[in-house]
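*Asks:*
Number of protein chains: 2
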Amino acid sequence: MNAPPLTGTELFRSLRPEKQERVFQAAVQEFAVNGYRNASMNSVVKAAGISKGSLFQYFRTKQGLFDGVVEIAASRVRVYLKHVRDETGRMSFFERLEQLLHAGFSFIDHHHLLARIYFHLLQSGETPSGSERVALLRKQGVEFVADLIRVAKARGEVKRSVDVERTAFLINALLETLLRAYYTEFMASGLGLYRGNPEELAGWVQTALGLIREGIQRNDLD
Amino acid sequence: MNAPPLTGTELFRSLRPEKQERVFQAAVQEFAVNGYRNASMNSVVKAAGISKGSLFQYFRTKQGLFDGVVEIAASRVRVYLKHVRDETGRMSFFERLEQLLHAGFSFIDHHHLLARIYFHLLQSGETPSGSERVALLRKQGVEFVADLIRVAKARGEVKRSVDVERTAFLINALLETLLRAYYTEFMASGLGLYRGNPEELAGWVQTALGLIREGIQRNDLD
DNA sequence: GGCTAGAATGACCGGGTGGTCATTTTTCGC
DNA sequence: GCGAAAAATGACCACCCGGTCATTCTAGCC
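Residue numbers (numbering that gives the first Met the number 0), protein chains in the order written: chain C, 0 to 221; chain B, 0 to 221.
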């Protein structure tokens, strides 16, 4: 299930996998809760049950540890995106978006700490190595949606007049917000999205897809 | 132009307005750049050119100072929302949204530090006094959009089938993301939204409104 | 000018941070 | 069982934080 982190110094990679996992999980937990700046190496050390000196032998700096954690989070997200894309190739664009959302909720259920780190990074841009890295991650997300739109356009499912790049950005914003609100209490308080049950989530997915598909302007058919 | 802060201890309010403004602006700057947790009272003190003891006599705690700043930011946003609502009462729903966005860009141009604080708070939920406060601010924003939708529905401009609350949340998410991307470089890098010129912005507004109005699914007319 | 109430000051406090390194402990080939 | 090489350790460093308070300064009244 969990791939080896493949990060840190040679010393870290030579550790018994169980210990690697323990240290890495402690770091994931800490960064997920506190983001980068407010995360404490002392807390990681305590949670992992190792000494401070060891942690700094495994990852030379706080930034090194964070980079490793982010790399794992981003690669998990990439895998999940690819998976959804391949599994839904024959569906219509709107069905694909639907599946993308449901898979997103499921991803959060299974990797909620990594999801927190990933989305927190995307929202805050808070990274030691400059925000270009974050801009790139965002771009990849938007490009993923843009590709789906291009395919849909070629298939004639989507209006020819839509601006692919801008629309991809907007749809991505909707998806991100929905996913974030699923695990963030204060975002949609009282609207049933936070930790919503499957029926609730399905309702939200339908509302979002209705908006994206047909908009909300009244027309002759309504 | 700038109303007196009306916050802090009696001592602070009894200061010469020029000094009040200087201290307050230093705080606004610091919180805008660093958020709450990473903001430093020492930095505020330095930027304001006063002593640490004085700052703590003006605002008993860091939280007190932050609350004052947030209060101003939130009230400015409320004023701006009310203004847009009143000025656009006779327009159609979609024109109103359009004006809301343009006014939002303009608000950021004129109060970009306060805007940063406001949006940062909304996104991070990072506040000393628990996130209920943030949940409330978010709710007010969504309710504002929900009210617009209700009016539009009553006027027959909007499909009867739309879920007002959920749709308000989604539209609010779109507006927020667009506004944030206008002053945040890494959000829509390469898409021309960051510090975009008026023509660029108008294009984005049109794309967003097209999506909200009619969606992107191809129909018989297309 | 002298007095005093109240404002301004910054050294100081306890506690936290990321990071280092001399020392101790463990591992492992012989 | 021994010795050397490698890994683990935690006391320690310089620096920063929010907040306090004894002391100094200053404005305003007589």
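Quick reminder that beta carbons are idealized off the backbone N, C-alpha and C, glycines included.
1. Which of the three DSSP states, helix, strand or coil, is assigned to valine 78/C?
2. Please look up how many angstroms separate the CB atoms of arginine 115/B and tyrosine 182/B, rounded, as I've assumed it's under 8 Å.
3. For leucine 177/B and leucine 100/B, which I take to be in contact (beta-carbon distance under 8 Å), what is that distance rounded to the nearest angstrom?
4. Can tyrosine 94/B and glutamine 216/C be called in contact, C-beta distance under 8 Å?
5. How close, in whole Å, do the beta carbons of phenylalanine 92/C and valine 157/C come, if the pair is a contact with beta carbons under 8 Å?
6. When the Cα atoms are used, what is the spatial distance from threonine 8/B to valine 83/C?
7. Okay, do the region 189 to 207 of chain C and the region 35 to 52 of chain B touch, 3+ Cβ pairs below 8 Å being the bar?
8. Mind listing which residues of the region 103 to 122 of chain C have their C-beta closer than 7 Å to chain B's C-betas, in chain order?
9. Helix, strand or coil for valine 27/C? Go by DSSP, reduced to three states.
10. Per DSSP, what kind of secondary structure is valine 161/B in: helix, strand or coil?
11. Taking all protein chains shown into account, decide if arginine 165/B is buried (16 or more other Cβ within 10 angstroms of its Cβ) or exposed.
12. To the nearest angstrom, how far is it from the Cα of glycine 48/B to the Cα of glutamine 62/B?
13. State the start and end residues of the unbroken alpha helix (DSSP H) segment that holds proline 197/B.
14. With 7 Å as the limit, tell me which residues of the region 27 to 39 of chain B have their beta carbon closer than that to any beta carbon of chain C; keep them in chain order.
15. If we cut at 8 Å on Cβ distances, does serine 42/C have a partner in chain B?
16. When burial is assigned at 16 or more other CB atoms within 10 Å of the CB, is aspartate 219/B buried or exposed?
17. For the alpha helix (DSSP H) that phenylalanine 149/B lies in, which residues bound it at each end?
18. Between Phe30/B, Ser105/B, Gly124/B, which lies nearest to valine 76/B when the distance is taken from Cα to Cα?
19. Does the CB of alanine 73/B have a neighbour CB from chain C at under 8 Å?
20. Compare the C-beta of valine 76/B against all C-beta atoms of chain C and say whether one is closer than 8 Å.
21. Serine 53/C CB to nearest chain B CB: under 8 Å?
22. Identify the residues that DSSP records as bridge partners of glutamine 216/B: which are they?
23. Is there a Cβ from chain B that is less than 8 Å from the Cβ of threonine 6/C?
24. By the 10 Å Cβ neighbour count, where 16 or more other Cβ atoms means buried, how is valine 68/B classified, buried or exposed?
25. Give me the chain B residues within the contact set of glutamate 164/C, using Cβ-Cβ distance strictly less than 8 Å, ordered along the chain.
26. Using the C-alpha atoms, what's the distance from histidine 110/B back to glutamate 125/B?
27. Starting from alanine 47/B, follow the alpha helix (DSSP H) in both directions and report where the run begins and ends.
28. Which two residues bound the contiguous alpha helix (DSSP H) that contains aspartate 221/C?
29. Nearest chain C C-beta to glutamine 62/B closer than 8 Å, yes or no?
30. What does threonine 87/C reach in chain B if we use C-beta pairs closer than 9 Å?
31. For proline 127/C, does the three-state DSSP call read helix, strand or coil?
32. Under 7 Å Cβ to Cβ from lysine 18/B, same chain only, skipping five residues before and after it: list those, please.
33. From proline 16/B to leucine 112/B, what does the alpha carbon distance come to, in whole angstroms?
34. Kindly give me the distance between the Cβ atoms of phenylalanine 185/C and valine 133/B, rounded to whole angstroms, as I take these residues to be in contact under 8 Å.
35. Kindly list the residues whose CB is nearer than 8 Å to the CB of threonine 87/B, restricted to its own chain and excluding five residues on each side of it in sequence; keep chain order.
*Replies:* Checking against the coordinates, here is how it stands:
1. helix
2. Rounded, the Cβ-Cβ distance is 7 Å, consistent with contact.
3. 6 Å
4. Inspection of the sequence shows that residue 94/B is occupied by glutamate rather than by tyrosine. At the C-beta level, glutamate 94/B and glutamine 216/C stay beyond 8 Å of one another.
5. Contact holds; Cβ gap of about 6 Å.
6. 56 Å
7. no
8. Gln122
9. The DSSP-derived three-state label of valine 27/C is helix.
10. coil
11. buried
12. 20 Å
13. Per DSSP, proline 197/B belongs to the alpha helix (DSSP H) from 197 to 213.
14. Arg36, Asn37
15. no
16. exposed
17. Reading the sequence as shown, one finds arginine at residue 149/B and not phenylalanine. Here the alpha helix (DSSP H) through arginine 149/B covers 131 to 153.
18. Ser105/B
19. no
20. no
21. no
22. BP columns for glutamine 216/B point to Val157/C.
23. no
24. buried
25. The answer, in chain order, is Leu190.
26. 21 Å
27. Run containing alanine 47/B: 40 to 47, per the alpha helix (DSSP H) assignment.
28. Premise fails: aspartate 221/C is in no alpha helix (DSSP H) and is neither H nor E.
29. With 8 Å as the cut-off, glutamine 62/B does not count as an interface residue toward chain C.
30. By Cβ distance, chain B contributes nothing, its closest Cβ being about 17 Å from threonine 87/C, past 9 Å.
31. In this structure, proline 127/C counts as coil in the three-state DSSP scheme.
32. none
33. 20 Å
34. 5 Å
35. Glu94, Arg95, Gln98, Leu99
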